[in-house]
Each structure stands twice: as structure tokens, then as C-alpha cells.
Amino acid sequence: MHTAQEFGQYEGDFLFRQVTWYFIGFGMILGVMYLDSEQIFRLNWFFYSLSLFLLIALILSPESIAQEINGAKSWFQIPGIGSLQPAEFTKISLIICLSYLIQKHHNKYEDKTLKTDFFLLIKMGAATLLPILLIMKQPDLGTS
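For what it's worth, numbering that gives the first Met the number 0 labels the leading residue of the sequence shown as 0, then goes sequentially.
Here you go:
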């Protein structure tokens, strides 16, 4: 019986890195569990802006930091840690942003009409358009 590490596709101490990221993720889950939606919504635009900044930084980064792999420049290469894909953070921040927009819309318009709902769709489309365009610039069509 062979392990995945024996085939050479995983560099360094793969198991240690996986366990480390597991505990980091678990810690983040515990942290988010103690936040209520108002606290998360207060940080909404910070997370959204940070994810856009990371996508722009990825596009502008030199090959030493962000290598082009299979025709796409989608990952930061971080020495000692591995790689980081900003588009994954963008997915989470976009979900938070869209839920914030929907919640604010429902609080503002108690009597909803086709016009108010259409306005909500326009706001959601505008919030979604910029991240999609930046991710398509990589190009990472599957993520976008």
C-alpha cells in the first residue's frame, strides 16, 4: 500500500501542512461562531475591499510571487506556506456582501414592488461584476 506522498506530487511535509491548515481553519470557524450577523456586516466592506485588493495584487504581481500555471495566474506562492488563491476568499466576501445588500434592502423597503426588487438585482449585479471581471482576467473561468 502506498501513500500519496510517495508519488512525488506533494512537496515537503504534506501531512504537517494539512494538519496545520486544518487547525487554522478550525480556529477561524470558532472565531466566526462567536460573531453575530451585525458584527460580520460591519466588517462587510472591509472584507470585500480586501478580496478585491488581493485579486488586483495577484494580477500585478511578478512571476516570483504569482507564477502562471496552465495559462492562469491564480495563485500566490508563499515560501514556507505553499500557495494561496485569493478567489476563494472573494467567494466568501461576496456572499457576505450580497447578504448584507439583501438585508439592508429588506429593512429599507417593507412594501416591495417589482421596481424595488429590480433595484436590488442591479445592486447585487454591480457588487458581483468587479470580482468576476478580476477573476476572469487571470483567467480562471471556472471560479468566475
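Cβ atoms here follow ideal geometry from the backbone N, Cα and C, with glycine treated the same way. All of these numbers come straight from a predicted model, not from anything done at the bench.
Which residue comes first and which comes last in the alpha helix (DSSP H) that contains residue i?
{"i": "I144", "result": "The chain is shown only over 0 to 143; residue 144 falls outside these bounds and no answer can be derived."}
{"i": "Q102", "result": "85 to 107"}
{"i": "G26", "result": "13 to 32"}
{"i": "K111", "result": "Taken as a continuous stretch (DSSP letters only), K111 belongs to no alpha helix (DSSP H), as it is neither H nor E."}
DSSP beta-bridge partners for residue i?
{"i": "A71", "result": "I68"}
Rounded to whole angstroms, what is the Cα-Cα separation between residue i and residue j?
{"i": "S50", "j": "K114", "result": "31 Å"}
{"i": "I121", "j": "H104", "result": "12 Å"}
{"i": "S36", "j": "M27", "result": "16 Å"}
{"i": "F22", "j": "V31", "result": "14 Å"}
{"i": "F52", "j": "L14", "result": "31 Å"}
{"i": "N69", "j": "F25", "result": "31 Å"}
{"i": "W74", "j": "S82", "result": "6 Å"}
{"i": "Q17", "j": "F118", "result": "44 Å"}
{"i": "L140", "j": "I134", "result": "7 Å"}
{"i": "Q38", "j": "K111", "result": "26 Å"}
{"i": "M123", "j": "E87", "result": "19 Å"}
{"i": "E67", "j": "A125", "result": "28 Å"}
{"i": "D12", "j": "T19", "result": "11 Å"}
{"i": "Q76", "j": "D116", "result": "42 Å"}
{"i": "M60", "j": "P78", "result": "Position check: residue 60 holds Ser in this sequence, whereas Met was assumed. The alpha-carbon atoms of S60 and P78 are separated by roughly 15 Å."}
{"i": "L128", "j": "I94", "result": "13 Å"}
{"i": "T142", "j": "I64", "result": "21 Å"}
Below 8 Å on the Cβ atoms is my guess for residue i versus residue j; work out the distance and round it to an integer in Å.
{"i": "S92", "j": "Y47", "result": "5 Å"}
{"i": "P85", "j": "L132", "result": "Incorrect: roughly 14 Å between the Cβ atoms, too far for contact."}
{"i": "T89", "j": "P130", "result": "5 Å"}
{"i": "I58", "j": "K136", "result": "6 Å"}
Would you please verify whether the beta carbon of residue i is less than 8 Å from any beta carbon of chain D?
{"i": "K114", "result": "Of the protein chains in this structure there is only one, and it is not chain D."}
Report yes or no: do the stretch 92 to 110 and the stretch 41 to 57 share at least 3 C-beta pairs separated by less than 8 Å? yes
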